[in-house]
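A.B. asks:
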Amino acid sequence: MNPVHLETLLAVLDEGSFEAAADHLAVTPSAVSQRMKALEQAAGRVLVRRVQPVTATEAGEILAQAARRMRLLQAETDAQMSDRLARVPLNVAVNADSLASWFRDVIAEVSSWDGSCLRLRLEDEAHSLTLLRRGDCVGAVTREAAPVSGCDTTPLGVMRYRALACPVMKEKYTLSDGTLDWSAMPALRFGPKDAIQDADLQGRLDYTPPNRRISEIPSSEAFLDAVRLGLGWGLIPDQQSAPLIASGELVTLDERVLVVPLYWQHWRLESPLLQQLTDTVVTAARHHLDPFDDTEVTPGVNVLQEPSGR
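Per UniProt numbering, the sequence shown starts with residue 1, numbered consecutively.
#1: Which residues in the same chain as GLY230 place their Cβ atom closer than 8 Å to its Cβ, once the five residues preceding and following it in sequence are excluded?
#2: Which residues in the same chain have their Cβ closer than 6 Å to the Cβ of ARG204, if we skip the five residues on either side of it in sequence?
#3: Just the Cα atoms here: how many angstroms apart are GLN74 and CYS117?
#4: With distance defined between alpha-carbon atoms, name the residue in GLY157, PRO243 and SER220 nearest to GLY234.
#5: Do you know how far the Cα of THR208 is from the Cα of ASN95?
#6: Just checking, does the region 25-33 make contact with the region 57-75 on the three C-beta pairs under 8 Å criterion?
#7: Using a Cβ distance threshold of 8 Å, determine whether the region 271-284 contacts the region 173-188, with at least three qualifying pairs required.
#8: Beta-carbon separation of ALA56 and LEU120 under 8 Å?
#9: When you compare only the Cα positions, how much space is there between ASP290 and ARG212?
#10: If I measure Cβ to Cβ from ALA42 and keep anything under 7 Å in the same chain, skipping five residues before and after, which residues do I get?
#11: Of all the CB atoms in chain D, is at least one closer than 8 Å to the CB of ARG189?
#12: Rounded to the nearest angstrom, what separates LYS172 and LEU99 at their Cα positions?
#13: Taking THR77 as the reference, give the member of LEU9, ASP279, THR278 and LEU273 with the closest Cα.
#14: In three-state DSSP terms, what is PRO261?
#15: Which whole-angstrom value describes the C-beta separation of LEU262 and VAL141, a residue pair presumed to lie in contact below a C-beta threshold of 8 Å?
#16: Give the secondary structure of GLY60 by DSSP, where H, G and I count as helix, E and B as strand, and everything else as coil.
#17: In the DSSP assignment, find the unbroken beta strand (DSSP E) run with ARG45 in it and report its ends.
#18: Check whether the Cβ atoms of TRP113 and GLN239 sit closer than 8 Å, and answer yes or no.
#19: Using only the alpha-carbon positions, how far apart do PHE292 and LEU244 sit?
#20: According to DSSP, simplified to helix, strand and coil, what is HIS266?
#21: Under a three-way DSSP split, which group does LEU118 fall into?
#22: Buried or exposed, going by whether 16 or more other CB atoms sit within 10 Å of the CB of SER247?
#23: Would you list the residues sitting across from ASN91 in a DSSP beta bridge?
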């Protein structure tokens, strides 16, 4: 298929509309429309849904993944021939808590690579594989161990989450018998896809009370601040909470620990740049995350541990 048409397909999907793709490609919207029609005629399939934003059909996802592979290989071929790195965008899916903590080492390392750039897609670690399947990214931080078709998986380590609140909130919702009133205490959630917080009352209450006070804070850093400021309690990873616990700004509400295993899934592709990215992600994760412990976690499964399981 025409490489120009494939690049146009990627521009339409990445930018979200034919008009934005035209600006990105420095052509007219009419030219974008004509290229897309030609590509769909060659494929014999409708490739995109003409909605806002534009989304790929199943056939479009297959072609988009192939186009991204071709782009990466072409860029690396050009780099080898010219003895320099081309400007290769590395599309990566990563969850908010990782981005706010250990993944910063990846950003720092990639910044030293001549010509390369990162395009990060913020996605819950349970949903990031969808982006891999669609060809929207070359790699993803995920809690799924089973590899997507055409991808390889590397264990990264585990993040441990604890129920935390500011001291005033804990005191306010501590009952006369010393237990916490979990049903009344306001809680925080990252967003509608927050699988970590979905089971927040597991083992704490036998049921989920109706009309719970739950605030949504769709930012890892702001979520931590909201807990610190007393808007609600939340499950916070050790990598973020340790300094605030040490200073007394946050306190633990119980001794339960949610163990979340993380994996790096990436395209199975003979690509020096993708291998360099993989090495960087693995090194950063192993420097900051806790190692896997077979007594704590089964690969690909979240485990809520009692204190004795640590």
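No residue lacks a Cβ here, since even glycine has one placed at the ideal position from N, Cα and C.
C.D. replies: Result, derived from the coordinates:
#1: Reading the sequence shown from its first residue, position 230 is the one you call residue 230. Within the same chain, GLY230 has close Cβ partners ALA165, CYS166, VAL168 and MET169.
#2: Here residue 204 corresponds to residue number 204 of the sequence shown, with the count starting at 1. Here the set comprises TRP182.
#3: As a first step, residue 74 is located in the sequence shown; it is residue number 74 there, counting from the start. As a first step, residue 117 is located in the sequence shown; it is residue number 117 there, counting from the start. Approximately 16 Å, taken between the alpha carbons.
#4: Stepping through the sequence shown from its first residue, residue 234 is reached at position 234. Minimum Cα distance to GLY234 is reached at SER220.
#5: Counted from its first residue, the sequence shown places residue 95 at position 95. Counted from its first residue, the sequence shown places residue 208 at position 208. Approximately 26 Å between the Cα atoms of the pair.
#6: no
#7: no
#8: Within the sequence shown, numbered from 1, the residue matching residue 56 stands at position 56. Within the sequence shown, numbered from 1, the residue matching residue 120 stands at position 120. No.
#9: One-based indexing of the sequence shown puts residue 290 at position 290. One-based indexing of the sequence shown puts residue 212 at position 212. Looking at the two C-alpha atoms, the distance is approximately 33 Å.
#10: Position 42 of the sequence shown, counting from 1, holds the residue named residue 42. Cβ within range, chain order: MET1.
#11: Of the protein chains in the structure, only one exists, and it is not chain D.
#12: The residue labelled residue 172 in the question sits at position 172 within the sequence shown. The residue labelled residue 99 in the question sits at position 99 within the sequence shown. Looking at the two C-alpha atoms, the distance is approximately 33 Å.
#13: Residue numbering aside, residue 77 sits at position 77 when the sequence shown is read from its first letter. Of LEU9, ASP279, THR278 and LEU273, the residue nearest in Cα terms is LEU273.
#14: For the purposes of this step, residue 261 is taken as residue 261 along the sequence shown, with counting starting at 1. Of the three classes helix, strand and coil, the one that applies to PRO261 here is strand, per DSSP.
#15: In the sequence shown, residue 262 corresponds to position 262, counting from 1. In the sequence shown, residue 141 corresponds to position 141, counting from 1. LEU262 to VAL141, Cβ: 6 Å. Contact.
#16: Position 60 of the sequence shown, counted from the first residue, corresponds to residue 60. In this structure, GLY60 counts as helix in the three-state DSSP scheme.
#17: Numbered from 1 along the sequence shown, position 45 holds the residue referred to as residue 45. Element bounds for ARG45: n/a, residue is neither H nor E.
#18: One-based indexing of the sequence shown puts residue 113 at position 113. One-based indexing of the sequence shown puts residue 239 at position 239. No, they are not a contact pair.
#19: Residue numbering aside, residue 292 sits at position 292 when the sequence shown is read from its first letter. Residue numbering aside, residue 244 sits at position 244 when the sequence shown is read from its first letter. One C-alpha to the other measures close to 25 Å.
#20: On the sequence shown, residue 266 is found 266 positions in, with the first residue counted as 1. Three-state DSSP puts HIS266 in a strand.
#21: The sequence position of residue 118 within the sequence shown is 118, counting from 1. Residue state, collapsed to three classes: strand.
#22: Taking the sequence shown and counting its residues from 1, one reaches residue 247 at position 247. By the 10 Å Cβ count, SER247 comes out exposed.
#23: Here residue 91 refers to the residue found at position 91 of the sequence shown. For ASN91, which the question treats as bridged, DSSP gives the partners ARG119.
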